[in-house]
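If you're matching them up, the sequences are chains V and W in order. Per our numbering, the first sequence starts with residue 1, numbered consecutively. Per our numbering, the second sequence starts with residue 1001, numbered consecutively. All C-beta atoms in this analysis are idealised placements derived from N, C-alpha and C, irrespective of residue type, glycine included. Contents: one structure, followed by commentary.
Number of protein chains: 2
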Amino acid sequence: MQNMSRRDMLKMSMVGAGALAISSINANAGINASDVTFDEEWDVVVVGSGFAGLSAAIKAAQKGNKVIILEKMGRVGGNSVINGGGMSVPVNEIQAKTGIKDSKELFIQDCLKAGLEINHPELLQTLADRGSDAFKFLQECGCQFKTTHCAHFGGHSVPRSVLTANDSGSAIVQPMVELFEKIEGCKLSRRTKFDDFVVDGDRVVGVVIREDYKFDNKLFSDDLENTSGTKKILKAKKGVVLASGGFGNDKIFRKLQDPRIADDADSTNHAGATAGAMLKAFELGAFPVQIDWIQFGPWASPDERGFGTGPILTQQGTFKYGIAVDVRNGKRFMNELADRKRRADAEFKILKEAPGKYPVTFGDDKCFRDLSQDVIDKGMSSGKLVGVCASLDELASKYGIPADALKQTVKEYNEGVKAGKDELGKPVAGLEPINEAGPFYAVRLSPKPHHTMGGLKINEKAQVLSSKTNKPIAGLYAAGEITGGTHGASRLGTVAVTDCVVFGMIAGENI
Amino acid sequence: MQNMSRRDMLKMSMVGAGALAISSINANAGINASDVTFDEEWDVVVVGSGFAGLSAAIKAAQKGNKVIILEKMGRVGGNSVINGGGMSVPVNEIQAKTGIKDSKELFIQDCLKAGLEINHPELLQTLADRGSDAFKFLQECGCQFKTTHCAHFGGHSVPRSVLTANDSGSAIVQPMVELFEKIEGCKLSRRTKFDDFVVDGDRVVGVVIREDYKFDNKLFSDDLENTSGTKKILKAKKGVVLASGGFGNDKIFRKLQDPRIADDADSTNHAGATAGAMLKAFELGAFPVQIDWIQFGPWASPDERGFGTGPILTQQGTFKYGIAVDVRNGKRFMNELADRKRRADAEFKILKEAPGKYPVTFGDDKCFRDLSQDVIDKGMSSGKLVGVCASLDELASKYGIPADALKQTVKEYNEGVKAGKDELGKPVAGLEPINEAGPFYAVRLSPKPHHTMGGLKINEKAQVLSSKTNKPIAGLYAAGEITGGTHGASRLGTVAVTDCVVFGMIAGENI
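Quick look at the structure:
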């Protein structure tokens, strides 16, 4: 028997096949660089055009790199562009201006509590340390934010979420895309699918892609079945950044992690949110981390498809200034500002006991005070999402709620607000009672798969770690929802944007 | 641009390198078969010599296959041989004889409840359908079981766990090893480490191993750092069965999934319980499933290393016939027969509030009535694990428990037993009160990493599924703790053995 290294042994067995063949021996996934001819050369290839991809691409381009962003969809921005536009920034300038006392430690504690303490501490610390840099970076990119107040999202101890001017992630994506596309030598390539890595030994040096890709939402698995497009091989001289997002719409992979998710279950995600790029990275040896924690949005509505407008109306409207009730008994059943997991579990419990009996959240005619008129108009436009009722009796009648119990619930909630103490633990200090005279604005609730917490293990430099070495895979970075560990078991609202921008920025800085 | 398949394109680019080189182009992990010379040929290679590996090997060998089992450790049997010897068998002959009514549906419901409903239903159904076959198979292999009763483990609605004659998994491992080693043309190779797969296209056709491997417990990661042994390449004509167990002692991978686990944390597992083989399968494209659910044994003791004897004394002794108390106040703090997650969480809560204040479980002098004298003697032999106290006052004094509160707790528990109703929901019907006169036998409790629920996705035929196709990887099977999905978020006691033997058996039948 040979007492030699694997490389030696393989070299020996290949002696007859000529020197060229040696380079094609490869225990890695990915195509060998020596087996391909590159069609194009770039310094940096970024996969995905959401917050994380754009942040990485701009930072890398600003250092003088020639950067290409690959976006498999026709539309740019993935889930980011349909996101609500809130970004958690611990200890920010708007908090200071409005007298809100926050700290990095409090932010980390809030995240750990929601994450059931399994969050990776060094990644949370990085968010806390670089959140303000990320906010500044976005402003420098031309993104517009509200300057009057920070929003108070569920599970956060204090208001710390800065909000885009139009209550949508599009206010971040659009200026960043414009900025990026103006940079000399850089390109955002739509309908371009990442298929595989090109490797040189253990280093990622390029990607196999398809141009003119036509994503097909009618396929059970677009990643496995779609044969459209024209292959090309791109060199990535400095490396590849994976920023392709989560897998909330991957029918195969999400069900493997949580078999309760039906194949036809609606989610809040854009249609292209699949696991393909992440799974390719696992083949390279990237560590999978906490991949089965799938967050359901407790503020989504069964009365619209996808993310929709409901989540903005409820999170910044009825959940804060109103309440949510179980239609079977008219009673509140959750702290409307608890973390997502607790709220989704509470809703699932009702829907398991009584399928179709969607809980209802509502507020009075001032409950949308913090929202732009655009968002309110959009929410009202379908005529289906928001129920407008003149009185509590009408509300009870419309949604099949016992009227007396409903009135009693509002009365008790209002007493709690006046006393500054809520029986379900909602932080009601400073809130006004619900105007019992009406009118009321109501939205039905149904939890939808929203965010996939797990993914690739990265370090504080956004480098993807390899299970073969417990060290970074040379030339491979990742940021945003494709990574795992930051949020633990449950992500707090608006921390995703922080995660995407901070680690996207870091990937761009380090590559 | 080429509008052609990747294979075509690569073939073209390789034209100059000669025909031999084409076969070495490989987007898979693993070594290419065409690049190696096999040192040995087997029909079936089984990685791991625990319940799952032995079941697969014997079943495959009984069909006439030439089978080799690879065991990296010097000792055979992994965690199986230090296991408590209980095996959950829904609707078994001993239940029938002792008048216990059980059903497959009840078994599945119990598993789903503990597993937080994320168990893979088709795998649970397979356990329910084949559990009796597995029990019969073990008996045919010469394994000796108690025939008088089934044990009632936490989380199960009824007693359904058959027990080996010596209250240890060794009563399963030893006869199976003897049987296997007698089969003509088969071999169990100790100190033999699986390093990688050999593949032919997408098919697994062999393994790269090291003989004379010396596992080194002093290394931070044996998988990554150990260079001992002599390389060999084995052909596996019909395929490879991965049965190498879980990763309860993999300091890197377990901490990625749950950062609360300290590097030096003790576990109930044998030293070789690492993630290496599973991670190699991920590189081949195997789906990772629910990998972050790590079960902590709520019945383990800080007063011995590893699994030890405490778990048997508590599970089949003090938890059933006695109680467990919080030493700070002398009160019970959990249903001693609840599922593992609930009990471990309850203990973690105490230990987070008061580090070092280990809860104490105890029973009277009849509390070990179901155990063999060998096990009791073993438990008593260290003089450290079991505290023997003549009275409740002595017990209170020894463990720093308020004596009056302790007496009150025992009194109230006994009243509940007499009334057939326990305030914490423990099923006490048919139990006797604790003899308040003593003597008492006590064990301190500390949850230890015990079972890793997640792993490779297999189908009902024990075939490993590929993320590249959502179909089986040809030539690759897996069984036991290296797989994921069967147990969901939390495995019920004694279902691991069922899982190992059922899917090991199935792998052997199908390969």
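Inter-residue Cα distance where the pair is residue i and residue j
i                       : j                       : result
residue 1504 of chain W : residue 1274 of chain W : 19 Å
residue 409 of chain V  : residue 272 of chain V  : 42 Å
residue 1112 of chain W : residue 261 of chain V  : 15 Å
residue 1269 of chain W : residue 1085 of chain W : 15 Å
residue 1134 of chain W : residue 1054 of chain W : 12 Å
residue 40 of chain V   : residue 311 of chain V  : 42 Å
residue 1100 of chain W : residue 1343 of chain W : 25 Å
residue 1029 of chain W : residue 1199 of chain W : 8 Å
residue 1161 of chain W : residue 1155 of chain W : 12 Å
residue 1057 of chain W : residue 1121 of chain W : 26 Å
residue 1381 of chain W : residue 1248 of chain W : 27 Å
residue 1229 of chain W : residue 159 of chain V  : 59 Å
residue 361 of chain V  : residue 195 of chain V  : 43 Å
residue 1022 of chain W : residue 206 of chain V  : Bear in mind that the predicted position of residue 1022 of chain W carries a pLDDT of just 32, short of 50, making it unreliable; the figure below should be weighed with that in mind. So the two alpha carbons sit approximately 21 Å from each other.
residue 1483 of chain W : residue 1401 of chain W : 43 Å
residue 527 of chain V  : residue 60 of chain V   : Lying outside 1 to 511, the shown extent of chain V, residue 527 of chain V is not represented and no answer is given.
residue 328 of chain V  : residue 357 of chain V  : 8 Å
Any C-beta of chain W under 7 Å from that of residue i
i                      : result
residue 23 of chain V  : Any answer about residue 23 of chain V is weak, because its pLDDT of 33 lies below 50 and its placement is not dependable; what the coordinates show is given next. Closer than 7 Å: no.
residue 289 of chain V : yes
residue 461 of chain V : no
residue 467 of chain V : yes
residue 343 of chain V : no
residue 160 of chain V : no
residue 340 of chain V : no
residue 495 of chain V : no
residue 491 of chain V : no
residue 511 of chain V : no
Proximal chain V residues relative to residue i, where beta-carbon distance stays under 7 Å
i                       : result
residue 1346 of chain W : Ordered by position in chain V, no residue passes the 7 Å Cβ test against residue 1346 of chain W, which lies about 15 Å from the chain.
residue 1402 of chain W : Per Cβ cutoff of 7 Å: no residues; residue 1402 of chain W is ~30 Å from chain V at best.
residue 1234 of chain W : Ordered by position in chain V, no residue passes the 7 Å Cβ test against residue 1234 of chain W, which lies about 12 Å from the chain.
Interface partners of residue i on chain W, CB under 7 Å
i                      : result
residue 252 of chain V : 1470
residue 298 of chain V : Under the 7 Å cutoff, chain W gives no residues; its nearest Cβ is about 17 Å from residue 298 of chain V.
Of the listed residues the options, nearest to residue i (C-alpha basis)
i                       : options                           : result
residue 452 of chain V  : V:462, V:42 and V:490             : V:490
residue 1149 of chain W : W:1133, W:1169 and W:1088         : W:1088
residue 1338 of chain W : W:1297, W:1036 and W:1054         : W:1297
residue 502 of chain V  : V:44, V:138 and V:101             : V:138
residue 246 of chain V  : V:495, V:493, V:238 and V:480     : V:480
residue 33 of chain V   : V:415, V:233 and V:436            : V:233
residue 386 of chain V  : V:365, V:68 and V:402             : V:365
residue 322 of chain V  : V:367, V:259, V:333 and V:284     : V:367
residue 1443 of chain W : W:1449, W:1173, W:1324 and W:1355 : W:1324
residue 466 of chain V  : W:1228, W:1283, W:1117 and W:1105 : W:1283
residue 1140 of chain W : W:1176, W:1070 and W:1115         : W:1176
residue 244 of chain V  : V:460, V:52, V:145 and V:238      : V:52
residue 1094 of chain W : W:1127, W:1123, W:1083 and W:1132 : W:1132
residue 181 of chain V  : V:208, V:136, V:130 and V:68      : V:68
residue 430 of chain V  : V:421, V:436 and V:437            : V:421
Where residue i meets chain V, residues with beta-carbon distance less than 8 Å
i                       : result
residue 1257 of chain W : 118, 289 and 290
residue 1449 of chain W : Near residue 1449 of chain W there are no residues of chain V at all, since even the closest Cβ is about 13 Å away, more than 8 Å.
Chain-ordered chain W contacts of residue i [CB-CB under 8 Å]
i                      : result
residue 456 of chain V : Within chain W, no residue comes near residue 456 of chain V; the closest Cβ sits about 11 Å away, beyond 8 Å.
residue 513 of chain V : Outside the displayed range of chain V (1 to 511) lies residue 513 of chain V, so it cannot be described from this structure.
residue 242 of chain V : Within 8 Å Cβ-Cβ: nothing; residue 242 of chain V doesn't reach chain W, min ~16 Å.
is_contact[residue i, chain V] using C-beta, thresh 7 Å
i                       : result
residue 1279 of chain W : yes
Interface residues of chain B facing residue i [CB-CB closer than 8 Å]
i                      : result
residue 221 of chain V : Chain labels in this structure do not include chain B; the protein chains are V and W.
Residues that residue i contacts on chain V, provided the C-beta gap is smaller than 9 Å
i                       : result
residue 1260 of chain W : 117 and 118
Residue i CB to nearest heavy atom of the ligand COA below 6 Å
i                      : result
residue 276 of chain V : Of ligands this structure carries none, so the ligand COA is not represented either.
Contacts that residue i makes with chain W (C-beta to C-beta distance below 9 Å)
i                      : result
residue 445 of chain V : In chain order: nothing, as chain W lies at least about 20 Å away.
**Report entry** Whole alpha helix (DSSP H) elements within the stretch 39-65 of chain V, 4-residue minimum
**Finding:** 51-62
**Report entry** 4-residue-minimum alpha helix (DSSP H) runs that sit fully inside the stretch 111-187 of chain V, ordered along the chain
**Finding:** 121-140 and 170-182
**Report entry** Inside the stretch 1215-1259 of chain W only - beta strand (DSSP E) runs reaching at least 3 residues
**Finding:** 1230-1242
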